[in-house]
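Visitor:
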Amino acid sequence: MASIMGSEMDKIRRLPPELAEKIAAGEVIERPFSAVKELVENSLDAGATEIRVELQAGGKRLIKVVDNGSGMSPGDARLSIERHSTSKISTAADLERISTLGFRGEALASIAAVSELVIRTSDGSSGAGIEVSSKGGVETEVKEIAFPRGTSVEVRDLFFNLPARRKFLRSEQSELGLSVRYLTSAALAFPEVRFVLVHGRKEIINCLPVGSLRERIFELFGNDVLERLMEIDFRDGESRIFGFGSRPPEGKTDKAHQLFFVNRRPVRDRILQAALNQGYHGFLTKDLFPEAFLFLILPPEEVDVNVHPAKAEVRFGDSQRVFHLVLKGIEASRLKDRGFDSAYGSSGERSGAARVAEAPSPPTFSGGVRSETGPPELFRTYPEESKEEHYPRVLGQFLNTYIIVAGEDELLIVDQHNAHERVLFEKYREIDSAKKWPEQTPLIPVLFDLSPEKALRLEENRALLEESGFRVDPMGGRTYALNGFPDIFGAEEAKETLLALLEEIGESGAGEKRERVLATLACRSAVKANEPLSREKMDFLVQELWRVSNRLVCPHGRPIVIRIGKNEIDKGLKRTRS
Ligand code: ADP
Ligand code: MG
């Protein structure tokens, strides 16, 4: 008879608590930046006005967060590293109205479970403080110390007891980059708080407390970025959206520059992203996306923050309403923004001609590597004048974007930007392998400011950039001077290209970087879509394109040419050969 008391047949067993703890910890703390985020959130919840973060080895060796917040009593300090211990909520009803960043009471427990942790804290009531040490979640020492009001949490050797997790961490620079990005967003959400980030001996962020988001953006990114943005501020009952977004027709080539915050919490969210892009639809130069720092303030009961282990996502009670709030906010500020009306005609589309006329100094068509002889005879004579038929033969331009070409037995539609990009890419590759980038020096150095993240990237890739002719000198803080650049660009363009490069090479491995640089240079100096081209330019471009071996896809992998064969045309027009 089967026993209900358990037998050898049973397969399920309760995990030992240490193992369960490690598994739970892995959910909350994925990598060094997750620990940085949780610790900084705790400091913010404690009302700190100064938060200092120190990292070593990208946070793998050490993460230390020191704040001047409320601090903890000795009893609270010892309890704080236990799972499900929190001072922020006490009833299920509280979960419906969260106004702090933390609430689950598991961050410190999770970090403690997978590191060596030391908390030093004092709530300022007794003049003395307490130091609690633990290893792998087990308390190892408690002692009284002298400590000012506030808290310091030191995390050493994260994942020392989870070797698999440790192995999958990325390079120091890459892990550091994630922390820099997080702290940048925290600094944006809390302009009144001083943030300092130090890596090894290098200070990466040092933001003084300021009175507004505008000033914080200025501190972090400099005036250039601020000038590209328009202010957004819109209220609807208890809800509000404020922040900054691209000033049309400016924009970014990817969606990586869209930061959203809900009740000061940085979040990823599809609805907000869709609303933002919808709000800008038709107002940006083709293929560009809006840049944005958007803050939503919603009544806490309309946001569920308890849906993601790392609290990186939220759920809205009424997402339709939130979508429209964003949309209306963008619309309202677009109408208010002066720059907007003058840049557009009634259609909201800017004409290609206007673009060209405004361009500071259009790059020479062949990208500065102009051939001495110019186009050969064949391409100077227009087809109608020549006796024999030569292929490929340019028939004309369509929509100021495509070149229509007659091949021997096919019709070709060539994307002018992608084609030029490919041609330049091949050319640059040649120059690059010969290591003779023609460099020029501007009369006045071009100054620019970089965000902490970009400044870091610049330092990392300095050699690579110099090989491509970009000479950049630090001017103190995160201000830099561009003192040399490839002669295919004007000064302003060179700066823009350098900024684009810093974005592009961020994610690529060392081997790919060279190619990425060349592709970016090619993309930046190529003719754009919506740009009228003269007959000579089209002829020259097509001729050059036919010379390169890989003429079907551009360096970014997008197609260049569509072919429509004679057979297809015959068939479509029901003309059969007699
Ligand atoms: P949660 O933030 O979800 O409450 P944590 O594990 O992050 O959970 O922290 C547990 C508790 O420890 C917090 O509720 C808070 O009372 C206390 N605490 C943690 N960090 C700090 C700090 N920097 N200053 C003051 N109190 C802190
Ligand atoms: Mg917390």
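Its first residue numbered 4, the sequence shown is counted upward by one per residue in our numbering.
A virtual CB, placed ideally from N, CA and C, is assigned to each residue, including glycine.
Just so we're clear, the structure is a prediction, and the values are computed from it rather than from any experiment.
The ligand ADP heavy atoms versus the CB of Glu424: any closer than 7 Å?
Guide: no
Visitor: Does the distance from the C-beta atom of Lys63 to that of Pro35 stay below 8 Å?
Guide: yes
Visitor: Check this for me: beta carbons of Ser174 and Lys67, under 8 Å apart or not?
Guide: no
Visitor: Count the other CB atoms within 10 Å of the CB of Ser369; is the residue buried (16 or more) or exposed (fewer)?
Guide: Here the model assigns Ser369 a pLDDT of 33, short of 50, so the residue's position is not dependable, and the following value carries that caveat. Ser369 is buried by the Cβ-count criterion.
Visitor: Here's the rule I'm using: 16 or more other beta-carbon atoms within 10 Å means buried, otherwise exposed. How should Ile15 be labelled?
Guide: exposed
Visitor: With DSSP as the reference, label Pro35 as helix, strand or coil.
Guide: helix
Visitor: Would you say Arg107 touches the ligand ADP, meaning its beta carbon is less than 7 Å from a heavy atom?
Guide: Arg107 Cβ: within cutoff of the ligand ADP.
Visitor: Does Lys14 have its Cβ less than 8 Å from a Cβ in chain B?
Guide: Given the protein chain composition of this structure (a single chain), no chain B is represented.
Visitor: Do the segment 552–571 and the segment 439–458 meet, that is, are 3 or more Cβ pairs less than 8 Å apart?
Guide: no
Visitor: Restricting to runs no shorter than 4 residues, where is the alpha helix (DSSP H) found entirely within the segment 83–152?
Guide: 110–116
Visitor: Assuming Glu41 and Ala110 make a contact with CB atoms under 8 Å, what is their CB distance in whole Å?
Guide: 4 Å
Visitor: Does the distance from the C-beta atom of Phe221 to that of Leu229 stay below 8 Å?
Guide: yes
Visitor: Note down the Cα distance separating Asp307 from Glu518, rounded to an integer number of angstroms.
Guide: 44 Å
Visitor: Classify Phe298 as helix, strand or coil using the three-state DSSP reduction.
Guide: strand
Visitor: Rounded to the nearest angstrom, what separates Asn486 and Ser136 at their Cα positions?
Guide: 51 Å
Visitor: Mark Asn533 as exposed unless 16 or more other C-beta atoms lie within 10 angstroms of its C-beta, in which case mark it buried.
Guide: buried
Visitor: Near Glu57, which residues of its chain fall below 6 Å by C-beta distance, leaving aside the five closest residues on each side in sequence?
Guide: Lys67, Val201
Visitor: Thinking C-beta only, is Glu253 closer than 8 Å to Arg217?
Guide: no
Visitor: Would you tell me roughly how many angstroms separate the C-alpha atoms of Glu429 and Ile563, rounded to the nearest one?
Guide: 14 Å
Visitor: To the nearest whole angstrom, what separates the beta carbons of Phe488 and Gly472, a pair I think is in contact under 8 Å?
Guide: 6 Å
Visitor: Run through the segment 377–459 for me and flag every whole alpha helix (DSSP H) of 4 or more residues, listed as ranges in chain order.
Guide: 380–383, 419–437
Visitor: Which partner residues of Tyr483 appear in the DSSP bridge assignment?
Guide: Phe451, Pro477
Visitor: Going by beta carbon distance, what residues of the same chain come within less than 6 Å of Arg55, once the five residues before and after it are set aside?
Guide: Val69, Val199
Visitor: With 16 as the cutoff for other CB atoms within 10 Å, does Ser585 come out buried or exposed?
Guide: No statement about residue 585 is possible, as the shown extent of the chain runs from 4 to 581 and does not include it.
Visitor: Report the CB separation of Ala51 from Ile84 in whole angstroms; it is logged as a contact under 8 Å.
Guide: About 19 Å separates the two Cβ atoms, so there is no contact after all.
Visitor: With DSSP as the reference, label Lys314 as helix, strand or coil.
Guide: The answer is coil: DSSP assigns Lys314 none of H, G, I, E or B.
Visitor: Could you tell me whether the Cβ atoms of Ala497 and Pro448 are closer together than 8 Å?
Guide: no
Visitor: Tell me the rounded alpha-carbon separation between Thr482 and His559.
Guide: Those two C-alpha atoms are separated by around 31 Å.
Visitor: Expressed to the nearest angstrom, what Euclidean distance is found between the alpha-carbon atoms of Glu30 and Ala313?
Guide: 8 Å
Visitor: Tell whether a beta-carbon distance below 8 Å holds between Val329 and Leu279.
Guide: yes
Visitor: Measuring alpha carbon to alpha carbon, tell me which of Gln400, Leu297, Leu186 ends up nearest Val417.
Guide: Gln400
Visitor: At a cut-off of 7 Å, would you count Asn45 as near the ligand MG, judging by its Cβ distance to the nearest heavy atom?
Guide: yes
Visitor: Which same chain residues end up closer than 7 Å to Cys557 when comparing Cβ atoms and leaving out the 5 residues on each side of it in sequence?
Guide: Asn421, Glu424, Arg425, Ile563
Visitor: Any contact between the segment 118–133 and the segment 93–108? By contact I mean 3 or more CB pairs, one from each, below 8 Å.
Guide: Look at the beta carbons and you see the segment 118–133 not touching the segment 93–108: under three pairs across the two are nearer than 8 Å.
Visitor: Under 8 Å, with one C-beta from each stretch per pair, do the segment 253–272 and the segment 171–189 reach the 3-pair mark?
Guide: Counting C-beta pairs with one atom in each stretch, the segment 253–272 and the segment 171–189 have three or more that are closer than 8 Å, which means they touch.
Visitor: At a cut-off of 7 Å, is Ser37 close to the ligand ADP when judged by its beta-carbon and the heavy atoms of the ligand?
Guide: Outside the cutoff, so no.
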